[in-house]
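To keep things clear, I will list the structure first and then write my remarks on it.
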Amino acid sequence: MTVGVLCAVRGAAEAAIVQAVDGTCGRLTVTRRCADLAELLAAAEAGLGRIAVVSADLPMLDRDAVAALHRSGVRLVGLGDPGAPWLGERITALGADLVVDAPDDTAGAADLVRDVVEVLGRAADHPGRSGATATDRDARGPSFDPPDLDAVAVDRSGGTPRRTELGKVVAVWGPTGAPGRTTVAVNLAAELALLGGHTLLVDADTYGGTIAQAVGLLDEAPGLAAAARAAGQGGLDTELLARLSPVISPDLRVLSGISRADRWPELPAAALDVVWTVARTLAAWTVIDCGFCIEQDEVLSYDTRAPRRNAATLSALGDADEIVVVGAGDPLGVQRLVRALGDVAQLGLVGRTTVVVNQVRASVAGPRPGEAITAALDRYAGVSAPHLVPEDRSALDAALLEARLLHELAPTSPARRAIAALALRLVERPRQASLARPEGRSRERASVAAPRDAARLAGA
379 MTVGVLCAVR GAAEAAIVQA VDGTCGRLTV TRRCADLAEL LAAAEAGLGR
429 IAVVSADLPM LDRDAVAALH RSGVRLVGLG DPGAPWLGER ITALGADLVV
479 DAPDDTAGAA DLVRDVVEVL GRAADHPGRS GATATDRDAR GPSFDPPDLD
529 AVAVDRSGGT PRRTELGKVV AVWGPTGAPG RTTVAVNLAA ELALLGGHTL
579 LVDADTYGGT IAQAVGLLDE APGLAAAARA AGQGGLDTEL LARLSPVISP
629 DLRVLSGISR ADRWPELPAA ALDVVWTVAR TLAAWTVIDC GFCIEQDEVL
679 SYDTRAPRRN AATLSALGDA DEIVVVGAGD PLGVQRLVRA LGDVAQLGLV
729 GRTTVVVNQV RASVAGPRPG EAITAALDRY AGVSAPHLVP EDRSALDAAL
779 LEARLLHELA PTSPARRAIA ALALRLVERP RQASLARPEG RSRERASVAA
829 PRDAARLAGA
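Residue numbers (the numbering used here): 379 to 838.
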């Protein structure tokens, strides 16, 4: 079976590579010689090839472009320069599947193509090792399974010191209505740090991120945007991420978010995926404060590669080991929480979910607010044991006024004790691979029933 090759090579090496590909007796064929990155991406999207041979110094080549090639089912072979080893390191960091030196002559080009053919044969012998998912293969058709180019890829560590054990990622998310996502995220990160795990707190709320203000940091230079830029150019490592995230208390770092909502295009998903990966090598726990919106409709509005408005939140939720869903403890908050749990379940996430009901108080939920909220969530969302955080307005207001953490200002606060218990729960329980979904009730039934339950809750 002939496999198409897209060639975006600069300089004299292009002609040698094309000639070598034509000499593979039909195994490979050059289907498009691309003049620039835009033509390469268009050819990949059109399904004209399954392998792209690209110069490491191709203008505009970044992590997002490599991710677009991978989404199109194209594996990337990067051509480095022996005289400039940093080019090979850069394209490796961008996510290239195989990095080799650019050939100097016809013999070198033949050796390069022979390596690619060998990898193709290895992939045919071991189809299960392909990086493509079953869904991806079904969408592309039976023509070709991408080869396991990682089997011959160079070492991508780059000599960067790493933790011996990768850390966990916790995404704190909740529906609209200010249920207290930031409050929970900030103090959950602080409690995890107190339990002995070096923790990184990240503000990924692209609509109204305020973690910097909450902990008393300046946000003129958003750390997350700088990390995403470095990741997009293949330059993010553990040391740089540590420099971008100042320490605010023992074992607790903060990576500040964007200062204005209109800066959301600076946080593409492909770059953030790298940020979360590097964060695992820096901290035992990475706590990400996410925005409320998880809509994906905007992707249907584009027929070209374009940024996605909610990419930061979707990327964090998709990479998280633990997803903390925060809702407010009032009738409107319970209704929104039930609907939100159905929306999260539809994303097909793999992280374990923990439902947290914040601001629980008798004044709005009845004389036994905890029991009423637990019964409502069990009946309409299948959540049998939500984690309840009581309302403690005086302690929270004082902490916000002084830009301090709850455990520093009000160690005996009921809200602080509840969040500390949540942190201990995350530390002690084993990791599970599947997302907990409501059982026995459909999303539609939960959504319709929520208003009736909210009314009953208010009068409990």
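We put the beta carbon where it would ideally sit given N, CA and C, even for glycine.
{"Item": "Proximity of Val761 and Val805 at Cβ, strictly below 8 Å", "Value": "no"}
{"Item": "Cα-Cα separation, Asp651 to Ala393", "Value": "36 Å"}
{"Item": "For Pro685, three-class secondary structure by DSSP", "Value": "coil"}
{"Item": "Contact between the stretch 687–707 and the stretch 546–555 (3+ Cβ pairs under 8 Å)", "Value": "yes"}
{"Item": "Status (buried if at least 16 other CB within 10 Å, exposed otherwise) for Ala487", "Value": "buried"}
{"Item": "Identified DSSP bridge partners for Trp654", "Value": "Partner(s): none; Trp654 has no beta bridge."}
{"Item": "Ala649 vs Ala609 beta-carbon contact at 8 Å", "Value": "yes"}
{"Item": "Backbone CA spacing between Glu766 and Gln713 [nearest angstrom]", "Value": "It is worth fixing the name first, because residue 766 is Leu in this sequence and not Glu. Rounded to the nearest angstrom, the two C-alpha atoms are 16 Å apart."}
{"Item": "Between the CA atoms of Leu779 and Ala424 - distance to the nearest angstrom", "Value": "55 Å"}
{"Item": "Test item: CB-CB of Gly707 and Ile751 under 8 Å", "Value": "yes"}
{"Item": "Limits of the beta strand (DSSP E) - the one that Val702 falls within", "Value": "700–706"}
{"Item": "Delimiting residues of the alpha helix (DSSP H) encompassing Thr560", "Value": "559–572"}
{"Item": "Buried or exposed (CB count within 10 angstroms, at least 16 for buried), Pro354", "Value": "Residue 354 is absent from the model: the chain starts at 379 and stops at 838."}
{"Item": "Straight-line Cα distance separating Asp756 from Asp717", "Value": "Note on identity: in this sequence residue 717 is Arg, with Asp being the wrong assignment. Those two C-alpha atoms are separated by around 13 Å."}
{"Item": "Assigned exposure category for Gln737 - 16 Cβ within 10 Å defines buried", "Value": "buried"}
{"Item": "At least three beta-carbon pairs within less than 8 Å, the stretch 623–630 to the stretch 564–578", "Value": "yes"}
{"Item": "Residues near Asp323 in its chain [Cβ-Cβ closer than 6 Å; skip 5 each side]", "Value": "Past the edges of the chain, shown from 379 to 838, lies residue 323, and the structure says nothing about it."}
{"Item": "Environment of Val625 [buried if 16+ CB atoms lie within 10 Å]", "Value": "exposed"}
{"Item": "Exposure of Leu457, with buried meaning 16 or more beta-carbon neighbours within 10 Å", "Value": "buried"}
{"Item": "Rounded separation between Val728 and Leu618 - CA only", "Value": "29 Å"}
{"Item": "Beta-carbon spacing of Leu465, Ala434 below 8 Å", "Value": "yes"}
{"Item": "Range of the contiguous alpha helix (DSSP H) that encloses His448", "Value": "441–449"}
{"Item": "Opposing strand residues paired with Ile666 [DSSP bridges]", "Value": "Ala549, Val580"}
{"Item": "Environment of Asp489 [buried if 16+ CB atoms lie within 10 Å]", "Value": "exposed"}
{"Item": "Completely contained alpha helix (DSSP H) runs for the stretch 585–645, where each covers 4 or more residues", "Value": "589–593, 601–610, 616–622"}
{"Item": "C-beta atoms of Thr616 and Thr659 nearer than 8 Å", "Value": "yes"}
{"Item": "Length of the line joining the Cα atoms of Asn565 and Thr664", "Value": "13 Å"}
{"Item": "Opening and closing residue of the alpha helix (DSSP H) in which Leu418 lies", "Value": "415–423"}
{"Item": "Ile672: first and last residue of the uninterrupted beta strand (DSSP E) it sits in", "Value": "Careful: Ile672 lies outside any beta strand (DSSP E) and carries neither H nor E."}
{"Item": "Spatial distance of Ala740 from Arg795 (CA atoms)", "Value": "18 Å"}
{"Item": "Buried versus exposed, by CB contacts within 10 Å (16 or more), Arg803", "Value": "exposed"}
{"Item": "Cα-Cα separation, Ile429 to Thr470", "Value": "16 Å"}
{"Item": "Residues near Arg449 in its chain [Cβ-Cβ closer than 7 Å; skip 5 each side]", "Value": "none"}
{"Item": "Within 8 Å, strictly: CB atoms of Ala647 and Arg686", "Value": "yes"}
{"Item": "Which of helix, strand or coil DSSP assigns to Ala386", "Value": "strand"}
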